[in-house]
Amino acid sequence: MADHRRVLVVDDYRDAAEALQLLLDADGFECRATSDPHEACAIARDWQPFAVLLDIAMPGLDGLEVARRLRADSATMHMLLIACTGYASSQDRASARAAGFDAHCAKPLTPQLILRVLEFASEGSHRVADDLGDAYGGAPCAGL
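Okay, structure coming up:
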């Protein structure tokens with residue numbers, strides 16, 4: 001079972017991934033960050049975070065494919081997947097939902113928003129999609 005304070009951040013923009021890692025570490029989460037989407041599945045499988053914050057637009061392997069791979073693996077299929085992306089249209093949200101994401105947060109993310117989402121989820125909600133939709137009214141971060 002994944003640790004409820006572990007979070008994996010995957011963003012090809014290394015500075016953004018590291019900044020989010022510092023923020024989460026400061027708030028009491030145990031966080032790892034990678035800018036290589038090809039490493040994300042192996043890290044998630046070995047480290048077992050409860051949540052993966054995943055950028056969508058990454059070169060070589062986009063976040064939608066990473067999400068599909070995480071959902072297809074019995075060792076990672078239970079993890080909370082949160083899209084953190086500049087793609088925020090209704091079609092983008094539908095694509096994220098189809099790939100297996102639980103929630104969709106539009107960039108730019110504020111530290112307060114991402115911390116509230118993770119704190120909410122780490123409290124044990126298994127209905128993140130419905131609960132986030134209620135809590136955030138669908139924007140800028142919502143369940144799918």
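Take 1 as the starting number for the sequence shown in the UniProt record's numbering and just add one per residue. Glycine included, each C-beta is placed from N, C-alpha and C at the ideal position.
Helix, strand or coil: how does DSSP classify Leu23 here?
helix
Closer than 8 Å by C-beta to Asp25: which residues in its own chain qualify, once you throw out the five before and the five after it? Chain order, please.
Cys31
Please list, in chain order, all residues of the same chain as Ala88 whose beta carbon is under 6 Å from its beta carbon, the five residues on each side excluded.
These residues qualify, in order along the chain: Ala106.
Thr76: buried (16+ other C-beta within 10 angstroms of its C-beta) or exposed?
buried
Within 10 angstroms of the Cβ of Gln21, are there 16 or more other Cβ atoms? Answer buried if so, exposed if not.
buried
His38 versus Leu64 - alpha carbon distance
12 Å
Going by the CB atoms, is the gap between Asp55 and Asp12 shorter than 8 Å?
yes
Report, in whole angstroms, the separation of the C-beta atoms of Ala57 and Leu8, which I expect to be a contact under 8 Å.
In fact, because the Cβ distance is near 18 Å, the residues do not count as touching under 8 Å.
3-residue-minimum beta strand (DSSP E) runs that sit fully inside the UniProt domain "Response regulatory" (6-122), ordered along the chain:
30-34, 49-54, 80-85 and 103-106
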